[in-house]
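Written out below as structure tokens is the structure these notes cover.
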Amino acid sequence: MMIEKPEIVRWRYDYLSKIIKLREERRKIYYLDETWLNEGHTKSKVWQDLSIQSTREARREGLSTGLKAPSGKGKCLIILHIGSEDGFLNGGELIFASKKGEGDYHQEMNAKMFEEWFSKILKKIEPNSIIVMDNAPYHSRRLERIPSMIWLKSDIQKWLTEKGIPFQPSMLKRNLIDLVKPEKYKYMAYVIDTHAEKNNIEVLRLPPYHCELNPIEMIWGQVKGYVAGKNTTFKMADLKKLLEEALQLITPAAWPKCINHVIKEEKKMAELDHITDMVADKEQWQNFVSFFC
Numbered sequence: 001m002m003i004e005k006p007e008i009v010r011w012r013y014d015y016l017s018k019i020i021k022l023r024e025e026r027r028k029i030y031y032l033d034e035t036w037l038n039e040g041h042t043k044s045k046v047w048q049d050l051s052i053q054s055t056r057e058a059r060r061e062g063l064s065t066g067l068k069a070p071s072g073k074g075k076c077l078i079i080l081h082i083g084s085e086d087g088f089l090n091g092g093e094l095i096f097a098s099k100k101g102e103g104d105y106h107q108e109m110n111a112k113m114f115e116e117w118f119s120k121i122l123k124k125i126e127p128n129s130i131i132v133m134d135n136a137p138y139h140s141r142r143l144e145r146i147p148s149m150i151w152l153k154s155d156i157q158k159w160l161t162e163k164g165i166p167f168q169p170s171m172l173k174r175n176l177i178d179l180v181k182p183e184k185y186k187y188m189a190y191v192i193d194t195h196a197e198k199n200n201i202e203v204l205r206l207p208p209y210h211c212e213l214n215p216i217e218m219i220w221g222q223v224k225g226y227v228a229g230k231n232t233t234f235k236m237a238d239l240k241k242l243l244e245e246a247l248q249l250i251t252p253a254a255w256p257k258c259i260n261h262v263i264k265e266e267k268k269m270a271e272l273d274h275i276t277d278m279v280a281d282k283e284q285w286q287n288f289v290s291f292f293c
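Dropping the structure here:
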């Protein structure tokens, strides 16, 4: 049986408790995320003759079973967007072509780019709203760096001095870090959270490895499905047009369906966590009894 890390379980519990409360308060909830589309994004099977029942039969009849997909080493479009139960936020998209030929799109996005986009988004949404996102590094830049063991000892001493935390000059680096630990929570605010708070908007981060709790993931699936069915040239200009078409075709009605699906997943996870908790208690009690019997 797979055992989750306790911190992930706690994070999920806190997240689920928080978002349920926010919905009860009828707060407006937005969901943001990034994804990508490769120039060669296409479906692998596209034969149209309905009398053909299998790829083997299609080949026997001399029919193509799909466009030959490019290698995937071409450029890609990176898309950043945000939406709510009312649909995509008007003017909320950021679309740009990758500079590198291949690789993880996360390498193309950086904190500066994301924060500039996020600042514009804050002006478009209502005060008292919630923005849900994952904990990608470029979403999570700290207002200031917190000392760690990779820091020079002199820099740790400087940080402690600036914060008014007393220390002995003779202390070892590890002892200095021990002084940092109980104080660091005061200085761990995220840049974008601080900007959001100034606009009376709250950021809520998903637990790690829980992308299925973001309804925009299903919206991306619809967008990519449309592009895959229409992409025949494998050219960047055409890919961008198809992407823009796909975004326009996602109606506001699609969002509540995806959000309701996520709400069901949230309930399942909450119930499973409680069941797991009870089972763990039962096993612990049985082990305790067995030990003394």
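Numbering (the UniProt record's numbering), first residue to last: 1 to 293. Glycine is no exception: its CB is placed at the ideal position from the N, C-alpha and C atoms.
| Asked | Found |
| --- | --- |
| Where the alpha helix (DSSP H) containing I219 begins and where it ends | 216–230 |
| The segment 250–258 contacting the segment 233–242, beta-carbon criterion three pairs below 8 Å | no |
| DSSP state of F234 mapped onto helix, strand, coil | coil |
| With 16 other Cβ atoms within 10 Å as the buried cut-off, status of S98 | buried |
| Member of I131, G221, V9 whose CA lies at the smallest distance from the CA of L89 | I131 |
| Cutoff 7 Å; reference A228; Cβ partners in own chain excluding five residues on either side | H41, T42, K43 |
| Neighbourhood of R10 by C-beta, 7 Å cutoff - its chain only, sequence neighbours within 5 removed | none |
| Residue range of the alpha helix (DSSP H) that includes M113 | 111–122 |
| Sequence-distant residues of its chain with Cβ nearer than 7 Å to N200 (five each side left out) | P127, N128 |
| C-beta atoms of E34 and A136 nearer than 9 Å | yes |
| Cβ-heavy atom distance, E4 to the ligand HEM, below 8 Å | Summarising the ligand content, the structure contains no ligands, and the ligand HEM is consequently not present. |
| Cβ pair P207, L176 closer than 9 Å | no |
| CA-to-CA distance, Y31 to Q222, given in whole angstroms | 16 Å |
| M109 vs V203 beta-carbon contact at 9 Å | no |
| Separation of W220 from I79, as counted between CA atoms | 10 Å |
| Host alpha helix (DSSP H) of D33 (start-end) | Not the alpha helix (DSSP H): D33 falls in the beta strand (DSSP E), residues 29–38. |
| Neighbourhood of residue 356 by C-beta distance below 6 Å, restricted to the same chain and skipping five residues each side | The shown model of the chain, from 1 to 293, leaves out residue 356, and the question about it has no answer. |
| The beta strand (DSSP E) enclosing E4, as first and last residue numbers | Looking at the DSSP string, E4 is not in any beta strand (DSSP E), and its letter there is neither H nor E. |
| Where L143 falls, given that 16 or more other Cβ within 10 Å makes a residue buried | exposed |
| Contact under 9 Å by Cβ, E39 with K75 | yes |
| Local Cβ density within 10 Å of I19, reported as buried at 16 or more and exposed below that | buried |
| Cα-Cα separation between A111 and W117, rounded to whole angstroms | 10 Å |
| Chain-order list of residues whose beta-carbon lies under 7 Å from that of M188 (same chain, five-residue window excluded) | R142, I146 |
| Same chain, Cβ closer than 6 Å to K173, neighbours up to 5 away in sequence not counted | K153 |
| Beta bridge counterpart(s) of V191 as assigned by DSSP | Answer is none; V191 lacks a bridge partner. |
| Where E266 falls, given that 16 or more other Cβ within 10 Å makes a residue buried | buried |
| Cβ separation of I95 and L77, assumed to be a contact under 8 Å, to the nearest whole Å | 6 Å |
| Whole-angstrom distance between L213 and I263, CA atom to CA atom | 8 Å |
| Nearest-angstrom beta carbon gap, P252 and G92 [assumed within contact, 8 Å] | Their Cβ separation, rounded to whole angstroms, is 13 Å, which puts G92 and P252 out of contact at 8 Å. |
| Alpha carbon of V247 to alpha carbon of E217, nearest angstrom | In the sequence on display, residue 247 carries Leu and not Val. Roughly 13 Å between the two C-alpha positions. |
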